[in-house]
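If you read the protein sequences in the order shown, they are chains F and S.
When we follow the numbering used here, the leftmost residue of the first sequence carries the number 9, and every step to the right adds one.
When we follow the numbering used here, the leftmost residue of the second sequence carries the number 5, and every step to the right adds one.
As structure tokens, the structure follows; a few thoughts come after it.
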Amino acid sequence: MASSPPHKAEQARRRFLRALIGGGALLAAGTAGWLPLARGGQPRLRPPGALEEDDFLASCIKCGQCVQVCPVEALKLADLTDGYGVGTPYIDARAQACDFSCDAVQCILACPTGALSYVKPKHLATRAGMRLAGAPILLAKEKDPEPKLNLKERAGVARLARPDLCLARQGKGWKGPSREAGYKGMLRFMEVDRWKPIPLNEHPFNLELCDLCVRACPIKGAITLEALEPDQASSPPAPPPPVGEGRNRKTPVVREPCVGCGVCEMVCPTEPAAIVIDPRRGWEA
Amino acid sequence: MSLRESARLLLGGAARKPAAGDYTPEVRRIHELKRMDGANRKALAEEMHKRHRTNHTWRNRRWVTLILVNLLFVVSFWLDIQLLEGSLTASRFLGFHLIDLNSALQVMLAHKHILVNLVIGTATVFVLWVLLGGRTFCSWVCPYHLLAEWAESLHVHLVGKRWVSDHAFHRGLRGMLWLLFAVLAWVTGYTVFETLSLTGILSRALIYGPGLALLWVLLWLLIEVFYSRRAWCRYFCPIGLTYGAVGLASPLHVSYRLENCFHEGDCRKVCLVPHVLECVIKGRATAEKMDIGADCTRCGLCVDVCPSGALRYEVKGLSKLL
């Protein structure tokens, strides 16, 4: 205003400049959300039913309702280091996998925005290999009238990442709790309690040949243990096993129904896990 | 205050001095009387002040409410009592969807696909805050508001000691940021503002445990203590503008009675948004009773501080009804 005294005009000019600089700084801070994306950090394993990553980040309202309904507390919320993913749910399968203890994929049910959904809207892309050939059968519900999970896509796929560590491939068994002392992860064991997951380490094993990944897998036909052909063995060929151990060598084989829940990675007794989930990877025949 | 003027202030416009024709004849008479009776009224005001004990009635009620609401979120999760599940961005109260209007807007713009649950939750919250006053959300629910109030008292203390001074920003900034974050969400497909939202970060930290994101909250508290009073809530946060717009249509507001006012300006000193209280300046009120505009957070600090009862909460239509 022309009539303003000079000091008032000067104050107004400063307010405007501060707004310009402050607003610019906030927008710059907002775009810094890209940095972790640009760095291409570790892809996160999303909860079951998550949309493809870009759609997921766009639609997740970061409320954590999925976190609250998970009976094994498998979901964690990402921090600022995930950029635009701050506050979005992910699964650290080695610490706590999704074992479908809830039977009905409760996190999808809880999601208010459809970031997790039973049925994706048609116009949203689904990469090849993400769609499951058929609805997965939950072993826990196999005898129920409706044994299937309402799940159309996988979250990732299991992969024997470190075959040399795999106990089954060495013909070794496993005795005791499957994970290190102090491990807190939970798992549902049908033979213990159909409805209640228990701490994994409260359920020790005594196995001639380790088949924990196959034994613990909650999905029917997602992983099997197969005899190891001589040419499949680790190269260079392992020395002949000592008597009484390793005569019967087998290997876990991941099959198409794998939904990428991460239970195999969680129970694998080797350190680091021989079998891991590749988050967001589709099935490659 | 007219709806248009209220909206203009919300978007950062400066309060205008009324023109001569804006005053009702009755109000003109009151202003005239006050001018003539100056000495007398001054003595009366001083007497009033002596008798008025500082009370924190509304502030205490508000703090209790704010803490209880946030605590309800926390215990719902920690004790698994499922009363209020989720966080402030989206939640379920006894199963009913509640979705923060600004977060919903960001998701709708970024995702470009709207689910029924999202619509239900947003509509419920919209109606709720139309009834309760819009920015009432800011001062009665938002956890950052409480931290900022404490930072503010520290800031005011330091200003009193002349160790720091308050640096104001142009109030139009918030509207610009609101627009830019809306455009950014639409164009990039990321809910960009959610990364920066102090409300969302704090609410999640309370419920799900602290993280690095709290450093961002801390940075803003430092800015507000040492550089600019209540900077985030006054000039930056687009959530305030979203709820402010909702409050335009609200029947719940603070109302001002010219008759009772001694124009001492205590209310404007404690107010987060003093531009809505320009009508209390001597000679500015154009009606005997003025409604305070939509940018008001209905925090009640002015109601508490006013020694002569010129500012009160009011629900439009309710007084007529009773």
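Here a beta-carbon is modelled for each residue, glycine too, at the ideal position from N, C-alpha and C.
None of the values given here were measured: they were computed from a predicted structure.
Using three-state DSSP, classify Phe108(F) as helix, strand or coil.
Looking at Phe108(F) - three-state DSSP - the assignment turns out to be coil, as it is neither helix nor strand.
Chain S partners of Gly164(F), CB-CB under 8 Å?
Correct list: empty, because the minimum Cβ distance to chain S is about 22 Å.
Of all the residues that make up the region 200 to 225 of chain S, which are near chain F by a beta-carbon distance shorter than 8 Å?
Listed by position, the residues of the region 200 to 225 of chain S near chain F (Cβ gap below 8 Å) are Leu200, Gly204, Ile205, Arg208, Ile211, Tyr212, Gly215, Leu216, Ala217, Leu219 and Trp220.
Rounded to whole angstroms, how far is the Cβ of Val307(S) from the Cβ of Val134(S), which I believe are closer than 8 Å?
In fact, because the Cβ distance is near 21 Å, the residues do not count as touching under 8 Å.
Would you kindly work out how many angstroms separate the C-alpha atoms of Lys228(F) and Leu35(F), rounded to a whole number?
If you take the alpha carbons of Lys228(F) and Leu35(F), they lie about 49 Å apart.
Excluding the 5 residues preceding and the 5 following Asp299(S) in the sequence, name in chain order all residues of the same chain whose CB lies nearer than 6 Å to its CB.
Only Leu13, Leu14, Gly248, Val277 and Val280 meet the Cβ criterion.
Using DSSP bridges, identify the partner residues of Gly164(F).
Gly164(F) pairs with Pro287(F).
Counting pairs of Cβ atoms below 8 Å between the region 166 to 186 of chain S and the region 94 to 103 of chain S, do you hit three or more?
They do not touch, by the three-pair rule.
Please compile the residues from chain S whose C-beta is within a distance smaller than 8 Å of the C-beta of Ser67(F).
Chain S residues near Ser67(F): Val111, Ala114, His115 and His117.
Grouping DSSP H, G and I as helix and E and B as strand, with all else coil, what is Ala94(S)?
Reduced to three states, the DSSP call for Ala94(S) is strand.
Ignoring anything shorter than 3 residues or poking outside the region 16 to 87 of chain F, list the beta strand (DSSP E) runs there in chain order.
Counting whole runs of 3 or more residues, the region 16 to 87 of chain F contains the beta strand (DSSP E) stretches 83 to 85.
Using the C-alpha atoms, what's the distance from Val271(F) back to Leu233(F)?
Spanning the two alpha carbons is a distance of roughly 16 Å.
Does His161(S) come within less than 8 Å of chain F when only Cβ atoms are used?
So no, His161(S) is outside the interface.
With a cut-off of 8 Å, does the C-beta of Arg23(F) fall near any C-beta of chain S?
Cβ-Cβ to chain S under 8 Å: yes for Arg23(F).
Asn257(S) lies in the beta strand (DSSP E); which residues open and close that run?
A small fix is needed here, since residue 257(S) is His in this sequence, not Asn. Where His257(S) is concerned, the enclosing beta strand (DSSP E) stretches over Leu256 to Arg261.
Of all the CB atoms in chain F, is at least one closer than 8 Å to the CB of Arg238(S)?
Arg238(S) does not count as touching chain F.
Could you list which residues in chain F have their beta carbon closer than 7 Å to that of Ser91(S), in chain order?
Within 7 Å Cβ-Cβ: Cys71 and Gly72.
Tell me the DSSP secondary structure of Asn256(F) in three-state form.
Residue state, collapsed to three classes: coil.
Just list the residues that DSSP pairs Tyr98(F) with in beta bridges.
DSSP, once it has assigned bridges, lists Lys84(F) as partnering Tyr98(F).
Can you give me the Cβ contacts of His56(S) inside the same chain, cut-off strictly under 7 Å, excluding the 5 residues immediately before and after it?
Cβ neighbours of His56(S) beyond the five flanking positions: Pro311.
Are the C-beta atoms of Asn121(S) and some chain F residue less than 8 Å apart?
Yes, Asn121(S) lies at the interface with chain F (some Cβ there is under 8 Å from its Cβ).
Quick one: Cα of Cys78(F) to Cα of Cys110(F), how far?
Computed Cα separation, rounded: 7 Å.
Can you look up Tyr317(S) in the DSSP assignment and give me helix, strand or coil?
Reduced to three states, the DSSP call for Tyr317(S) is strand.
Does the beta carbon of Tyr381(F) sit closer than 8 Å to a beta carbon anywhere in chain S?
Residue numbering for chain F in the displayed model covers 9 to 293; residue 381(F) lies beyond these limits and cannot be assessed.
Looking at the unbroken alpha helix (DSSP H) that takes in His53(S), where does it start and where does it end?
Where His53(S) is concerned, the enclosing alpha helix (DSSP H) stretches over Gly42 to Arg55.
Checking contacts by CB at 8 Å: is Tyr98(F) closer than that to chain S?
No - not a single Cβ of chain S is within 8 Å of the one on Tyr98(F).
Determine contact between the region 40 to 58 of chain F and the region 87 to 102 of chain F, defined as no fewer than three beta-carbon pairs at a distance below 8 Å.
The region 40 to 58 of chain F is in contact with the region 87 to 102 of chain F.
Does any CB atom of chain S fall closer than 8 Å to the CB of Val80(F)?
Not one chain S Cβ lies under 8 Å of Val80(F).
So what's Cys303(S) in DSSP terms, helix, strand or just coil?
Of the three classes helix, strand and coil, the one that applies to Cys303(S) here is coil, per DSSP.
Within 10 angstroms of the Cβ of Asn59(S), are there 16 or more other Cβ atoms? Answer buried if so, exposed if not.
The residue is exposed, with fewer than 16 neighbouring Cβ atoms inside 10 Å.
The beta strand (DSSP E) with Gly294(S) in it runs from where to where?
Before going on, a small fix: residue 294(S) reads as Met here, not Gly. Its beta strand (DSSP E) spans residues Lys293 to Asp295.
Helix, strand or coil: which one does DSSP assign to Met5(S)?
Met5(S): coil per DSSP, three-state reduction.
Interface residues of chain F around Phe173(S) at Cβ under 7 Å?
Near Phe173(S) (Cβ distances below 7 Å), the residues of chain F are Arg23, Arg26, Ala27 and Gly30.
Rounded to whole angstroms, what's the CA-CA distance from Leu206(S) to Gly287(S)? Just pull it up for me.
Cα to Cα, the separation comes out at about 42 Å.
Might you give, ordered along the chain, the residues of its own chain that have their beta carbon closer than 8 Å to the beta carbon of Phe185(S), omitting 5 neighbours on each side?
Counting only Cβ-Cβ distances below 8 Å, and skipping sequence neighbours, we find Gln110, Val196, Phe197 and Pro242.
Quick one: does Leu325(S) have its CB under 8 Å from some CB of chain F?
No, Leu325(S) does not count as interfacial toward chain F.
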